[in-house]
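Novice:
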Amino acid sequence: MQGKEKRVSERAMDLEKIIANRFNRLLWRISNFGEQDDLAELKISLLEWRILAQLGKLGRMPIGKLSELSGVGPTVGSRAIKSLKNKGCVESRKSSKDSRQQLVQLSDYGLQVHDAIAPRRQKAHQKVQAGLNPDELSTMFALCDKLERHMDKLNGNEDDGW
1 MQGKEKRVSE
11 RAMDLEKIIA
21 NRFNRLLWRI
31 SNFGEQDDLA
41 ELKISLLEWR
51 ILAQLGKLGR
61 MPIGKLSELS
71 GVGPTVGSRA
81 IKSLKNKGCV
91 ESRKSSKDSR
101 QQLVQLSDYG
111 LQVHDAIAPR
121 RQKAHQKVQA
131 GLNPDELSTM
141 FALCDKLERH
151 MDKLNGNEDD
161 GW
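According to this note's numbering, the sequence shown is numbered sequentially starting from 1.
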């Protein structure tokens, strides 16, 4: 290290003005609010909880869709699903319509685990959302929806109108 001068780049980005950075930091803070205690006692990771929560709300679905809804890539999602399967929380089988797709659903035990965690998570998220008034919350969700649609366009995943 030469001298005591600070080395900064002329091309440095202000990460506070980068949406992905702000969302990532906020996601981490919100996700960790009260979650560790709830999940640790049942030996469920944060990602595994997100998968259980999606299955608890939407029911059986393909692994790819489940990974997408949980905010991870297919490889990471598949690993988490394998872990949940080893814990007896989910069941999987090949789709009868498309043998390339694996469908996943909660097992009876997985439903019990989901139902044990969900009420506490709902209370924690109500506390988080109380930081915004109803109009602000509605606006935030509308902006998130708009940004998701924009990202679908950028990634070539536009809705084909069906």
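The beta carbon of each residue, even a glycine, is placed where N, CA and C say it ideally should be.
Spell out a yes or no on whether the region 136-153 and the region 96-107 are touching, meaning 3 or more CB-CB pairs, one atom from each, closer than 8 angstroms.
Specialist: No contact exists between the region 136-153 and the region 96-107.
Novice: Residue 154 to residue 67, Cα distance in whole Å?
Specialist: About 20 angstroms.
Novice: Return the first residue and the last residue of the beta strand (DSSP E) that residue 92 is part of.
Specialist: Its beta strand (DSSP E) spans residues 90-94.
Novice: Measure the CB-CB distance between residue 243 and residue 113 and report whether it falls below 7 angstroms.
Specialist: No answer is possible for residue 243: it lies beyond the span of the chain, which begins at 1 and ends at 162.
Novice: Between residue 7 and residue 131, what straight-line distance do the alpha-carbon atoms span, to the nearest angstrom?
Specialist: The alpha-carbon atoms of residue 7 and residue 131 are separated by roughly 38 angstroms.
Novice: On a Cα-Cα basis, can you pick out the residue from 42, 33, 72 and 41 that is closest to residue 51?
Specialist: Of the candidates 42, 33, 72 and 41, the one whose C-alpha sits nearest the C-alpha of residue 51 is 72.
Novice: Check whether the Cβ atoms of residue 54 and residue 39 sit closer than 7 angstroms, and answer yes or no.
Specialist: The answer is no: Cβ separation not under 7 angstroms.
Novice: Rounded to a whole number of angstroms, what is the C-alpha to C-alpha distance between residue 61 and residue 106?
Specialist: Cα to Cα, residue 61 sits roughly 10 angstroms from residue 106.
Novice: I'd like to know if the region 109-129 and the region 73-91 are in contact, where contact means that at least 3 CB-CB pairs between them fall below 8 angstroms.
Specialist: The region 109-129 vs the region 73-91: in contact.
Novice: Hey, could you find the ends of the beta strand (DSSP E) residue 103 is sitting in?
Specialist: Run containing residue 103: 102-106, per the beta strand (DSSP E) assignment.
Novice: Which class does residue 13 belong to by DSSP, given the choice of helix, strand or coil?
Specialist: If DSSP states are grouped into helix, strand and coil, residue 13 belongs with coil.
Novice: Between the alpha carbons of residue 25 and residue 19, how many angstroms are there, rounded?
Specialist: Each residue's Cα considered, the two are about 10 angstroms apart.
Novice: Whose C-alpha, out of 17, 65, 28 and 15, is nearest the C-alpha of residue 128?
Specialist: For the residues 17, 65, 28 and 15, the minimum Cα distance to residue 128 belongs to 28.
Novice: Between the Cα of residue 116 and the Cα atoms of 41, 125, 4 and 59, which residue gives the shortest distance?
Specialist: Checked all of 41, 125, 4 and 59; the closest Cα to residue 116 is 41.
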